[in-house]
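Peer 1: Position 74 of the sequence shown, counting from 1, maps to 73 under numbering that gives the first Met the number 0, and the rest follow consecutively. Built from N, CA and C at the ideal position, the CB exists for glycine as well.
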Amino acid sequence: MIATKMPGALRASLVAFTIAGAMEAVVEIRLLVSPDLPHWGVWAVVASLLANQFAARWVMTRQRRGYQLLRWIAGSSLVWPLVANPAHHVLDLWAVALVTLCVWARLAGAVLMRHKVAKAWIENETR
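#1: Give me the Cα-Cα distance between VAL110 and LEU30, rounded to the nearest whole angstrom.
#2: Nearest to ASN123 by CA position, among PRO80, ARG61, TRP79, is which residue?
#3: In the segment 79-110, which residue ranges form an unbroken alpha helix (DSSP H) of at least 4 residues, counting only runs that do not cross its ends?
#4: Mind checking TRP39: buried by the 16 CB within 10 Å criterion, or exposed?
#5: Evaluate contact between the segment 69-79 and the segment 102-119, counting only Cβ atoms and requiring at least three cross-stretch pairs below 8 Å.
#6: According to the neighbour-count rule (16 or more other Cβ atoms, all chains shown, within 10 Å of its Cβ), is PRO6 buried or exposed?
#7: What are the boundary residues of the alpha helix (DSSP H) that MET22 is part of?
#8: Three or more C-beta pairs closer than 8 Å, one from the segment 91-103 and one from the segment 51-66: is that the case here?
#9: Only counting the same chain, and skipping five residues up and downstream in sequence, which positions put a Cβ closer than 8 Å to that of PHE16?
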């Protein structure tokens, strides 16, 4: 299989997901060191950190499941601020702003990933 150049829309999508993952990691590390975080919140943070790492690894090794996991992460990041409201009350305003930016970056990444060229590249160039 001859590797073709990654489309710009897909590259921009991955940049958006990377930025969102970095912002989310900062907030989640802040949550982990907070003594007020509920027990279920610790498990949710650990699952989120692991999901981002698995997605990054699978995308770098051109596995289709990495792109699918990124879509799931984007979908869950739209719901997470509503569900995790009890966990977010321990955060400062800067962290809430980062969560908001993270959601918008993931939404932009998911929209860019839906372009016809990006879908075709994922279908043809991943296993």
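Peer 2: So, to answer that:
#1: 28 Å
#2: Proximity to ASN123 across PRO80, ARG61, TRP79 peaks at ARG61, based on C-alpha coordinates.
#3: Correct list: 84-87.
#4: exposed
#5: yes
#6: Buried is the call here.
#7: 7-31
#8: no
#9: Hits under 8 Å: ALA54, LEU69, ILE72, ALA73, ALA104, ARG105, GLY108.
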